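Structure first, commentary second.
Protein chains: 2
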Amino acid sequence: MSVTAAAGFRAAGVAAGLKSTGALDVALVVNDGPLSAAAGVFTSNRAKANPVLWSEQALAGGSARAVVLNSGGANCFTGSFGFQTTHLTAERVAARLGIGAIDVQVCSTGLIGVGDERFRQGVLAGVDAAADALGAPGADGSDEAAGLRAAQAIMTTDSVPKQAVATGSGYTVGGMAKGAGMLAPGLATMLVVLTTDAVAEPDALDRALRAATRTTFDRLDSDGCMSTNDTVLLLASGASGAAADEAELTAVVTAVCDDLAQQLQADAEGASHDITIEVRSAASEDDAVVVARSVARSNLFKAAIFGNDPNWGRVLAAIGTTDAAFDPYAVDVSFNGVRVCHAGEPDRPREEVDLTPRATHIVIDLFAGGSTASIRTNDLTHDYVHENSAYAS
Amino acid sequence: MSVTAAAGFRAAGVAAGLKSTGALDVALVVNDGPLSAAAGVFTSNRAKANPVLWSEQALAGGSARAVVLNSGGANCFTGSFGFQTTHLTAERVAARLGIGAIDVQVCSTGLIGVGDERFRQGVLAGVDAAADALGAPGADGSDEAAGLRAAQAIMTTDSVPKQAVATGSGYTVGGMAKGAGMLAPGLATMLVVLTTDAVAEPDALDRALRAATRTTFDRLDSDGCMSTNDTVLLLASGASGAAADEAELTAVVTAVCDDLAQQLQADAEGASHDITIEVRSAASEDDAVVVARSVARSNLFKAAIFGNDPNWGRVLAAIGTTDAAFDPYAVDVSFNGVRVCHAGEPDRPREEVDLTPRATHIVIDLFAGGSTASIRTNDLTHDYVHENSAYAS
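These protein sequences, in sequence, are chains F and W.
221 is the number of the first residue of the first sequence in the numbering used here; add one for each residue after it.
221 is the number of the first residue of the second sequence in the numbering used here; add one for each residue after it.
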């Protein structure tokens, strides 16, 4: 189940001709209330797409009643014409739903630089078709099939739609995500919409969302490339009538984000391994993240994993470029449970390591403190190169 | 011509069985004086190989009379046994040449974690064979063929030896280099030995070398992976009798370093494009370097160039992750002379860009000041993935 799992939400996914394949490409998620509380986290890339520029401002009041999302064009670096397209899109949604444009969040994904008149007309036609498909509140658009169509409409190079759901005390949190490349949220072209029927204030939603993304999407670094369009939204309808305890809400939102982050990693462009780099005994959580991310961004390490090669020298070379607190010559490194490096010297023979499973677990022990963190990444493969060189995306 | 181009130097390259192919794998460069002035720049990776740990200390006095180099093993993360191997190697060279061990620089390249008894005995036997091959001062080892054999003996995945020479007022600067992967000197397994017959003090050599490497090797970022063994050495024999003007010496050393950096880029593992990323009108030289390096490290950009795709969106997404001073929406981007992005919007059609030549020139105009800098990088290709996954290196 997806964005329609929580009570008070309707969704639609339609084909508006933005994708040359004729696949679904415009999604609409509507919060029927009674609450319209919302929070969002956006890309920290300074090059922000027009929909991000709009949505970040529109969400300042902590309220959103609808999210419109398109694939088939990122509407980034498309100038004032592109920004006007985003605004017109919000206004069209508002007019169809009888709400204010300021209550409409807009998300786009696809090729940077795409946002011409044809794109604009396609998106606007998509909004109309999606609004038609929603049906009346509580009707058509609130079923599981509608949520699935919305999740399909935001796919680009994704091979499968990504959805997740978790439950708290009397309420539900559901969500959908897209993302397969340019996948290094700091926040990535990752789009995520989360919905809940919990009763919660915008400030509590904001805190819960930031806490959840910090340890999930922010620790997914598939290819080191941060997108211009990354957006994660959390909308609360309050339709369950259940007031959410903030700690529990944070845990439930984190569970949904973690599930979606894992689905994003599993569908990363061209990848043959899902790698978890776990750094233990770091002096601080920040140090653990810095060390894990440095390994995650080493093309030599990533290519070695593709070749099923437990190349711990490339791990140590990568961590040596960081300024985290540790002695590189005191470090242990394990690949899938086999410690191949102990105290900066060769340990178990590499032949003992089996790197054929897709799930790969690297443990780096720094012996510098009590903190731990993990980064999820993928290997560097021929398919990755092919998908990102054979055609523009 | 190579390390033997300058008067006062002899060299040798021999096969000591470190490489399974039986190719040349131990090189020796000897400075017969009268001066023994020397300067060096070493990897800034905190994970430093044993030869780097030794050489950095041994060079503290600004003097070196010989450099011994081996391929077939990096002697990195090999513990105290590995360090003793380096020390024994220096002592063996010293004994054969009748000099002090402190005057011997040691460089190693190859797989990290390789440095066992077999390796040690191989290197020591190589030293003996190389010393035998040198001949008397002014004899066999000072010819061009000997310099070439030394340059061949330090190759790993390199496909060609790299040598360069330039002349100043009455003196010569020559050099050799190796490096094809883990190539992002900050200072990669890059090894460079430069020789000159100029009369110059160690301090002047140090300043000239640091100025030269700052704008040449430090701006080569083929694959973003900094090595544990990078070393650049400059030895002066004074045998020309010509006292070097420091500004001219810096320019001549820079010319040799620039030539070698270009040869390293041209031979980068699996690359099909040599990319120069030139950043113009930056607020500072540092900003220009940060912006150019961010693009050079984007796998999406590098894969696009492999696909002959002038994907300026990936350029802008990469520069948007930096904190350099500029407005991402004011930027111009050109590929091989065609401005495809003007002021953050699409400009000339992509079809006008020809990316089939190996030499690729990207110009990014920031309109934020008067500074300029370039980074040399390579594309991300199937051959790169193959070379770095099919076997350990």
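Built from N, CA and C at the ideal position, the CB exists for glycine as well.
The model shown is predicted, which means the values in this text are computed figures rather than measured ones.
Minimum Cβ-Cβ distance from residue i to chain W less than 9 angstroms
i               : result
I539 of chain F : yes
I332 of chain F : yes
V509 of chain F : no
C477 of chain F : no
V605 of chain F : yes
N295 of chain F : no
D529 of chain F : yes
A225 of chain F : no
S609 of chain F : yes
P566 of chain F : yes
P548 of chain F : yes
K268 of chain F : yes
L238 of chain F : no
Closer than 9 angstroms to chain F by CB, residue i
i               : result
N265 of chain W : yes
W532 of chain W : yes
E421 of chain W : no
E337 of chain W : no
A516 of chain W : no
G299 of chain W : yes
F526 of chain W : yes
C327 of chain W : no
L520 of chain W : yes
Y391 of chain W : no
T580 of chain W : no
H602 of chain W : yes
L536 of chain W : yes
A523 of chain W : yes
Beta-carbon proximity list for residue i, same chain, < 8 angstroms, skipping 5 on both sides
i               : result
D378 of chain F : K398, G399, A400 and D487
S501 of chain F : D585, L586, F587, A588, G589, G590, S591 and T592
N519 of chain F : L600
Nearest candidate by alpha-carbon position, reference residue i, set the options
i               : options                           : result
A226 of chain F : F:F555, F:I374, F:D252 and F:V246 : F:D252
L536 of chain F : W:A463, W:R513, W:T298 and W:C327 : W:T298
T451 of chain W : W:D585, W:S609, W:V326 and W:S222 : W:V326
Q372 of chain F : F:A315, F:G242 and F:V553         : F:G242
V583 of chain W : W:A610, W:T576, W:V509 and W:N290 : W:V509
A259 of chain W : W:I525, W:D323 and W:A310         : W:D323
V515 of chain W : W:E607, W:R578, W:P577 and W:L600 : W:L600
A267 of chain W : F:R534, F:G388, F:D603 and F:A236 : F:R534
S389 of chain W : W:A353, W:R369 and W:A420         : W:A420
P530 of chain F : W:S492, W:D507, W:N608 and W:D547 : W:N608
S492 of chain F : F:F546, F:E468, F:T470 and F:A523 : F:A523
A463 of chain F : F:L255, F:T224 and F:L244         : F:L255
F521 of chain F : F:R316, F:A321, F:N598 and F:V287 : F:N598
A353 of chain W : W:L331, W:Q482, W:V313 and W:V334 : W:V313
A286 of chain W : W:V412, W:F339, W:D441 and W:L455 : W:L455
With 16 other Cβ atoms within 10 Å as the buried cut-off, status of residue i
i               : result
Q383 of chain W : buried
G292 of chain W : buried
S300 of chain F : exposed
E337 of chain W : exposed
G318 of chain F : exposed
T576 of chain W : exposed
P422 of chain F : buried
S240 of chain F : exposed
R578 of chain W : exposed
I525 of chain W : buried
Cβ shell of residue i (< 6 angstroms), same chain only, five flanking positions each side left out
i               : result
V511 of chain W : V499, I539, T542 and A544
H581 of chain F : T496 and N556
S222 of chain F : G367, A371, Q383, G394 and M396
V558 of chain F : R568, E572 and V573
F262 of chain F : V272, E276 and T451
S554 of chain W : V583
Y604 of chain W : E489 and G490
G346 of chain F : V234, A236 and V246
G340 of chain F : According to the sequence displayed, residue 340 of chain F carries Arg and not Gly. T305, listed in sequence order.
Cβ shell of residue i (< 7 angstroms), same chain only, five flanking positions each side left out
i               : result
D417 of chain W : A226, A227, G228, Y391, T392, S457, G458, A459 and S460
E505 of chain W : S591 and A593
H562 of chain W : D552
M375 of chain F : S291, P381 and K398
(message) Under 8 angstroms, with one C-beta from each stretch per pair, do the segment 553 to 573 of chain F and the segment 478 to 490 of chain W reach the 3-pair mark?
(response) The segment 553 to 573 of chain F is not in contact with the segment 478 to 490 of chain W.
(message) Does the contact criterion of 3 or more C-beta pairs under 8 angstroms hold for the segment 275 to 294 of chain F versus the segment 465 to 476 of chain F?
(response) Verdict: no, contact absent.
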